[in-house]
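In my numbering, the protein residues as written are -3 to 162. Report on one structure; see the data block that follows.
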């Protein structure tokens, strides 16, 4: 797997081993993906080259643009600078880390129909802006940008399992 530097022919690469999961899906995790504070890029793309165990190439796959959101911006966040905002319907992955220690990192995932905090596996979620006036059983989607204090709905992109509005 590589990190596309967009516009440069150089690519940082990382070899991943795929583990067999109980549901027979192969899973690989790039936990060491890191963009330093000095790196000013706001977006990147993953380039995944898959090979059979005998070395024969299966193909090359490019991800959509991934927005780097790892720490608060130094600029005031406003709707005038939408590049700093998360819009309703965006795909996100979430993690938690205690006292900035990388060994304590837990990724939000879904396993056996339940949301879990995993040290090994993460999942992608769609983050939707929810209407504060609706009941838990209703879920009308709203357009717009997610702000501090917004009510949101988190939906696993692989399973469709949702958390109650948060």
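Think of the CB as a built atom: it goes at the ideal place given N, C-alpha and C, for glycine as much as any other residue.
Spatial neighbours of residue i within its chain, please: C-beta separation below 8 Å, excluding the five flanking residues on both sides.
i: residue 102; result: 91, 92, 93, 113, 114, 115
Can you tell which of the options has its C-alpha closest to the C-alpha of residue i?
i: residue 156; options: 107, 142, 143, 145; result: 107
i: residue 58; options: 49, 40, 52, 47; result: 40
i: residue 38; options: 52, 64, 50, 46; result: 64
Would you report the Cα separation of residue i and residue j, rounded to the nearest angstrom?
i: residue 43; j: residue 87; result: 18 Å
i: residue 154; j: residue 33; result: 31 Å
i: residue 35; j: residue 82; result: 21 Å
i: residue 111; j: residue 118; result: 11 Å
i: residue 60; j: residue 151; result: 19 Å
i: residue 96; j: residue 145; result: 24 Å
i: residue 62; j: residue 100; result: 24 Å
According to DSSP, is residue i part of a helix, a strand, or is it coil?
i: residue 114; result: strand
i: residue 41; result: strand
i: residue 129; result: coil
i: residue 104; result: strand
i: residue 162; result: coil
Counting only the same chain and skipping the five closest in sequence on each side, list residues whose C-beta sits under 7 Å from that of residue i.
i: residue 109; result: 157
i: residue 85; result: 122, 124
Among residues of its own chain, excluding the 5 on either side of residue i, which ones have a beta-carbon nearer than 6 Å to its beta-carbon?
i: residue 147; result: 126, 128, 161
i: residue 120; result: 87, 89, 153
Please tell me whether residue i has its Cβ less than 8 Å away from any Cβ of chain B.
i: residue 129; result: Reference to chain B is not applicable here, since this structure consists of a single protein chain.
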